[in-house]
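Q: Numbering (the numbering used here), first residue to last: 4 to 75.
Don't be surprised by glycine CBs; every beta carbon is placed ideally from N, CA and C.
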Amino acid sequence: MIRVNVIKNTKQETKSFLTYDDLVSYLKELKIHGVLLTAKNIWRLNVGSSYKNGGYVFALAGKTRVANYLRF
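What follows is the structure in structure tokens.
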């Protein structure tokens, strides 16, 4: 799971993605150019770094192992 801060102009929103495919679907909704390359670059970011594309800034807020969220 990753948490990404999505910034457009001065508006910021934090989104969480359990899988890479969830991130790809979200980027398709935003109509980002080069969806697969952008998703790959965001998924591989280190915490605290950012990636810019299509007027958006994607800053990685955190990475967590999915197993931590699947406890019963």
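Are the beta-carbon atoms of Leu63 and Val7 separated by less than 8 Å?
A: It is a contact, given that the beta carbons lie within the stated cut-off.
Q: Nearest CA to the CA of Gly65: which residue from Lys11, Asn12, Lys18?
A: Among Lys11, Asn12, Lys18, the Cα nearest to that of Gly65 is on Lys18.
Q: Should Leu26 go down as buried or exposed, given a rule of 16 or more other Cβ atoms within 10 Å for buried?
A: It is buried - the Cβ of Leu26 has at least 16 other Cβ atoms within 10 Å.
Q: Let me check one thing: in DSSP terms, what residues is Leu63 bridge-paired to?
A: According to DSSP, which records beta bridges pairwise, Leu63 is partnered with Val7.
Q: With DSSP as the reference, label Lys55 as helix, strand or coil.
A: Strand, per DSSP.
Q: Is Asp25 near the ligand HEM, in the sense that its beta carbon is under 7 Å from a heavy atom of that ligand?
A: Of ligands this structure carries none, so the ligand HEM is not represented either.
Q: Just to confirm the assignment, what range does the beta strand (DSSP E) spanning Lys18 have?
A: Per DSSP, Lys18 belongs to the beta strand (DSSP E) from 14-20.
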